[in-house]
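What follows is a set of notes on a single structure, which appears directly below.
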Amino acid sequence: MRAETHERPVTAGQLPTIGELLDRQGLLAYVLLSPALLILIAFIGWPFITSLWLAMTDQSVSTSVVRFVGLNNFTDALKSQIFQQTVRNTFVYTGVTVVFKLVFGVGLAVLMNQSFRLKNIARAALLLPWIVPTALSAIAWLWLFDGTFSVFNWVIVRSGIADRGINWLGEGTWAMAAIIIANIWRGTPFFAISILAGLQTVDRELLDAAAVDGASPWQRFWRITIPLIRPVLLIVLLFSTVWTISDFQLVYVLTRGGPANSTHLFGTLAYDVAVRAGQLSQGAAISLYMFPVLIVCVVALLVYLRRSST
Amino acid sequence: MTLYLPLSLTSILLLFPFYWMFITSVKTNSELIDLNGLPFWVFQPTLDHYKYLLAETGFLRWTLNTLTISVVATAISLVCSVLAGYALARLRFRGAGAIGAAIFITYLVPQTLLFLPLLEVVRQLGLSNSLWSMILTYPTILIPFGTWLLMGYFRSIPRELEEAALIDGASRLRAMTQIVLPLALPGILSAAIFAFTLSWNEFIYALVFTNSTDIKTIPVGVVTELVKGDVYFWGSLMAGALLGSVPVALIYSFFVENYVGGLTAGAVKG
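Note that the protein sequences, when read in sequence, are chains A and B. If you count the first sequence from 1, position 69 lands on 70 in our numbering, and the numbers rise without skipping. If you count the second sequence from 1, position 175 lands on 1587 in our numbering, and the numbers rise without skipping.
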């Protein structure tokens, strides 16, 4: 597919060849974009519209005639104890894990930014929790937190810290602690590696100059390094927030939202209501409650990116 | 010392669950529930759980399914991302900014937001409980990232190379396939590895779209089929979790640089 000359004007009465048409940037651009847009519209755009409709009807496995119910599913959710609990859970889960992941991530990145032997192997190994399937690594955590056979409990009892082990997944507060621990374990590598990449862009001469001027390592870190890697920190934080709020796998495998709904997040509650209890429309409404949070994050990112690129 | 101590401590914390997976998978059932022995070591190693997993469960079938889905979804996504990334990076056209922003937004759409309506769409298309339900929906997770990553790559290739070819009479398509694409190979490789691991690890779509054993993927099969009622087959669960993680870990270890490059490209370039 090639045109003889690049920008030959097409005269009347002479139909342009396909090659010539594709040399026009506008048309070519849409042709090239169409496969991606087609898939995104069919499996994100269309489902999104479907979800608005679904959430405003009373569809369930038992309804034969679907009725329009307006915003009832949304208001019903707000009134339900379980939903309120889910909002609190999500808030705690996201808030605590993101802070820990950020602190550990920065710490680990600073460590990894030093030169030492086997650095490449260390870096590769540290990302493992992030790259293996979460549903599968969660199984290891399920066994680590087992009520009877938890190895943590073995250590706690044997070392004499306590007489009895912790009922990790059987008590609300401990179950929340358990999914938080597993999430921090899984997410810290992403923070560390991204922040490490940010650290590597920091100009050493700046730090050296500050050192010559008498700035302590601590001052150099807070006054020079942190401001310079702030864009990376911000992006990583926003991504992680979105992913953590919408988390599913860890909770599904470890607690299924229990005990007594104390670890339900939006995703697991929506799954329970829609798939296990068959209340499709109510589940869709619960999922959609994540949307405003998402919008805030996306807008923040876009505004930030636009500002930094101008 | 201030470096190696915290480093080794973190490494132990991060890698311990994998060690635990392995050691559990080679313990006999009696050793697994022995509360008096030392749990950190195995005294009578056995491969029984692996034999059970491979012979008595659908694990091999799930592996084949996961592989098929991941390869095809990755291929579809790569083609779409390369074309879209090139258009957004290189061509001037109306709506470029809006389309770029829209694709970026879809990158942040989590699976848990749309899995229920997507289930409806999959049903309407007659795809439920088939590999196609995953092959066609996974690209929605992969294309936004791939496009974004490749856009950055294409931009880093000097325009002059392409323009020289255009002046010499090559068409745009030709300039793209013969000059830009070869130079963008590292980026394409990053996108491919990313897409493959994301497909391999996907969970909620596979969980919701499938129900028969022989359509399941590894993560879903291991989680849903190796627990019978309240009985957990810990040994084979761990064997399945470990074997299911090996392929992504292997691919990742061969292409660490590409993976890290892809992962951090967005964050650093911002």
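Backbone N, C-alpha and C define an ideal beta-carbon position, used for all residues, glycine too.
Leaving aside the five residues that flank B/VAL1454 on each side, the residues in its chain whose CB is nearer than 8 Å to its CB run, in chain order, ILE1435, VAL1438, LYS1439 and GLU1443. Per DSSP, the unbroken alpha helix (DSSP H) holding B/ARG1567 starts and ends at 1551-1568.
Taking a 10 Å sphere around the C-beta of B/ARG1502, we find 16 or more other C-beta atoms and assign the residue as buried.
The residues ALA163 and GLY166, in chain order, have a CB closer than 6 Å to that of A/ILE157 in the same chain once the five nearest residues on each side in sequence are set aside. Interface residue (Cβ-Cβ distance to chain A less than 8 Å): B/ILE1591 is not classified as such.
Going by beta carbons, A/THR202 and A/LYS102 fall outside the 8 Å limit. Taking a C-beta cut-off of 9 Å against chain B, none of the residues of the segment 77-96 of chain A qualify.
Close CB contacts of B/TRP1474 within its chain, under the 7 Å cut and outside five residues either way in sequence, are with LYS1628, THR1629, ILE1630 and GLY1633 (chain order). Legend: CB atoms of the segment 51-69 of chain A lying less than 7 Å from CB atoms of chain B belong to residues THR51, SER52 and LEU55. For the 8 Å CB-CB criterion, A/SER288 and A/ALA271 form a contact.
Here the segment 131-138 of chain A does not lie against the segment 219-227 of chain A, with fewer than 3 beta-carbon pairs under 8 Å apart. Under DSSP, A/PHE69 shares a beta bridge with A/THR58.
Interface residue (Cβ-Cβ distance to chain B less than 8 Å): A/LEU109 is classified as such. By alpha-carbon distance to A/LEU255, the top candidate from A/GLY171, A/LEU55 and A/ALA211 is A/GLY171. In the DSSP annotation of this structure, B/PHE1452 is not part of any alpha helix (DSSP H), being labelled neither H nor E. DSSP links B/LYS1640 through a beta bridge to B/VAL1643. At least one CB atom of chain A sits nearer than 8 Å to the CB of B/PRO1418. For the pair B/VAL1635 and A/PRO36, the CB atoms are not nearer than the 8 Å cut-off. Taking the Cα positions, A/VAL66 is about 39 Å away from B/ALA1510.
B/SER1545 and B/VAL1534 have their C-alpha atoms roughly 6 Å apart.
Residue burial is scored here from C-beta neighbours: A/LEU119 has fewer than 16 other C-beta atoms within 10 angstroms and is therefore classed as exposed. Within chain A, the residues whose beta carbon sits less than 7 Å from that of B/TRP1646 are TRP144, listed in sequence order. Just so you know, the alpha carbons of A/LYS80 and A/LEU109 end up roughly 43 Å apart. Relative to A/ILE194, the option among A/ARG124, A/ARG277, A/ALA275 and A/MET291 whose CA is nearest is A/ARG124.
Annotation: Cβ neighbours of A/PRO48 in chain B (cutoff 7 Å, chain order): LEU1526, PRO1529, LEU1530 and VAL1533.
Look at B/MET1546: its C-beta is not under 8 Å from any C-beta on chain A. Here the C-alpha atom of B/MET1588 lies approximately 10 Å from the C-alpha atom of B/ALA1596. The three-state reading of DSSP puts A/ASP77 in helix, counting H, G and I together. With respect to the C-alpha of B/VAL1620, the residue from B/GLN1523, B/PRO1659 and B/PHE1430 having the closest C-alpha is B/GLN1523. Its chain contains LEU145, GLY166 and TRP169 as the residues whose beta carbon lies nearer than 7 Å to that of A/SER151, once the 5 sequence neighbours on both sides are disregarded; these appear in chain order. For the 8 Å CB-CB criterion, A/LEU129 and B/ALA1661 form a contact. Inter-residue distance for B/ILE1663 and B/LEU1562 is about 20 Å (C-alpha atoms, whole angstroms). For the segment 121-136 of chain A, the residues whose beta carbon sits under 9 Å from a beta carbon of chain B are, in order, ASN121, ALA123, ARG124, ALA125, ALA126, LEU127, LEU128, LEU129, PRO130, TRP131, ILE132, VAL133, PRO134, THR135 and ALA136. Scanning the segment 136-181 of chain A from its first residue to its last, the whole alpha helix (DSSP H) runs of 4-plus residues come out as 152-159. Looking at A/GLY284, A/ASN262 and A/PHE153, the one whose alpha-carbon comes closest to that of B/LEU1530 is A/GLY284. B/ALA1577 and A/ARG205 have their C-alpha atoms roughly 40 Å apart.
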